[in-house]
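Structure, as structure tokens:
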Amino acid sequence: MCNLYSMTRPQDAVRGFFTRTPPADRLGNLPPLFEVFPDYAAPVVRNGAEGREMAPARWGMPTLPRHLAGKARDPGVTNIRQTGSPHWRPWLGTAHRCVVPFTAFAETGTLTDGRRGPVWFALGEELPLGFFAGLWTRWTSVRKVKEGAVTADLFGILTTAPSAEVAAVHPKAMPVILTREDEVERWLTAPAPEALRLQRPLPDGALTLVPPPGAAVPPDPGAPVAPDGGDGGVKAPRALRDRCKPIDNKVSRRGLAMTYSCVRD
1 MCNLYSMTRP QDAVRGFFTR TPPADRLGNL PPLFEVFPDY AAPVVRNGAE GREMAPARWG
61 MPTLPRHLAG KARDPGVTNI RQTGSPHWRP WLGTAHRCVV PFTAFAETGT LTDGRRGPVW
121 FALGEELPLG FFAGLWTRWT SVRKVKEGAV TADLFGILTT APSAEVAAVH PKAMPVILTR
181 EDEVERWLTA PAPEALRLQR PLPDGALTLV PPPGAAVPPD PGAPVAPDGG DGGVKAPRAL
241 RDRCKPIDNK VSRRGLAMTY SCVRD
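For the record, in the sequence shown the residue sitting at position 56 is 56 according to the numbering used here, with numbers rising by one throughout.
So, in structure tokens, the structure goes:
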């Protein structure tokens with residue numbers, strides 16, 4: 001189950017991915033999102049009332065009613081596997097499909113020190129842009145008791161069987177990932193039976209282990225840095241390895257955190 005991901009590419013990169021139908025930007029100024037957790041707001045690309053758009057939504061679709069009995073709030077469903085369920089069927093049309101831009105995602109696994117924590121995956125060491133296949137809806141519910149009932153745009157991401165890399169950490173599932181524009185277009189526009197054929201794992205070897213998104217080259221490479229996060233027991237990005245020397249590590253809530261000493265070019 002994927003309940004943590006990052007999106008660190010600028011929104012212009014998302015718009016530039018769509019050469020056929022670039023989405024209108026409804027986000028405003030989007031900072032890098034190093035950690036997106038359930039119920040956080042994050043960008044989605046969808047077919048809006050005025051055409052394709054990139055807009056914010058909260059992560060977590062409406063929960064099945066039978067799971068809400070006796071509960072004061074609906075925390076939302078982040079991962080959607082059983083798309084044949086009557087609960088999800090009303091949202092399988094193109095009006096409720098979306099793609100969710102990301103640069104890395106995490107699954108809980110065993111770190112090098114033996115502790116359990118997030119292990120991060122990406123489509124490459126340079127954290128290229130990818131998209132989760134998703135569904136969205138506008139819904140009124142109590143997400144947080146102190147917030148009360150709110151009407152908000154919500155989204156969830158589809159999951160499927162894991163590829164070999166993910167299965168080694170989390171053997172049950174992985175997100176449905178789209179990497180090509182024709183795949184994204186098919187998910188957003190094709191009839192449901194055709195679009196749902198995209199609910200399949202990436203080919204083995206398509207993903208690589210990466211450090212948490214915060215472990216990046218600092219703005220001033222002459223200063224020592226201690227990225228809040230870490231490498232989860234895997235190599236740092238190539239740009240960091242070329243310019244920085246690991247000098248210490250510690251366990252943080254996000255995994256194995258590595259401190260780097262970087263030298264100026």
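C-beta: ideal position from N, C-alpha, C; glycine also.
Is the Cβ-Cβ distance between THR103 and PRO38 less than 7 Å? Looking up residue 103 in the sequence shown gives position 103. Looking up residue 38 in the sequence shown gives position 38. Not in contact: THR103 and PRO38 (Cβ atoms no closer than 7 Å).
Distance, Cα to Cα, MET7 vs GLU147? Stepping through the sequence shown from its first residue, residue 7 is reached at position 7. Stepping through the sequence shown from its first residue, residue 147 is reached at position 147. Going by the C-alpha atoms only, they are around 26 Å apart.
Identity of the residue in SER141, CYS2, ARG200, ALA195 nearest PRO75 by Cα: To locate residue 75, count along the sequence shown from 1; it is residue 75. The residue with the shortest Cα to Cα distance from PRO75 is SER141.
Report the option in GLY130, ASP153, THR160 whose CA atom is closest to the CA atom of VAL184. Taking the sequence shown and counting its residues from 1, the one referred to as residue 184 is at position 184. Of GLY130, ASP153, THR160, the residue nearest in Cα terms is GLY130.
Just to confirm the assignment, what range does the alpha helix (DSSP H) spanning ALA164 have? Taking the sequence shown and counting its residues from 1, one reaches residue 164 at position 164. Counting along the chain, the alpha helix (DSSP H) containing ALA164 begins and ends at 164-167.
What is the residue span of the alpha helix (DSSP H) that TRP187 lies within? Taking the sequence shown and counting its residues from 1, the one referred to as residue 187 is at position 187. Where TRP187 is concerned, the enclosing alpha helix (DSSP H) stretches over 181-189.
Is it buried or exposed for LEU64, if we count other Cβ within 10 angstroms and need 16 for buried? Position 64 of the sequence shown, counting from 1, holds the residue named residue 64. Classification of LEU64: exposed, given that the 10 Å Cβ count is below 16.
Kindly examine the ligand MN and report whether one of its heavy atoms sits closer than 6 Å to the Cβ of PRO86. Annotation note on the ligand MN: not contained in the displayed structure, which lists no ligands.
Since VAL99 contacts GLY134 with CB under 8 Å, what's their CB separation in whole angstroms? Along the sequence shown, one-based indexing puts residue 99 at 99. Along the sequence shown, one-based indexing puts residue 134 at 134. With a Cβ gap of about 6 Å, VAL99 and GLY134 count as contacting.
Could you work out which residue in PRO203, ASP25, LEU154 is closest to ARG58 when comparing CA atoms only? Indexing the sequence shown from 1 puts residue 58 at position 58. For ARG58, the nearest C-alpha among the options comes from LEU154.
Closer than 7 Å by C-beta to ARG283: which residues in its own chain qualify, once you throw out the five before and the five after it? Chain order, please. Outside the displayed range of the chain (1 to 265) lies residue 283, so it cannot be described from this structure.
Close-in-space but distant-in-sequence residues of the same chain around GLU53 (CB under 6 Å, 5 per side omitted): What you label residue 53 is simply residue 53 of the sequence shown in a count that begins at 1. Once the five neighbours on either side are set aside, the close Cβ partners of GLU53 are PRO23, ALA24, ARG26.
Since VAL99 sits in a beta bridge, which residues does DSSP pair it with? Walking along the sequence shown from the start, residue 99 turns up at place 99. Answer is VAL45, ALA133.
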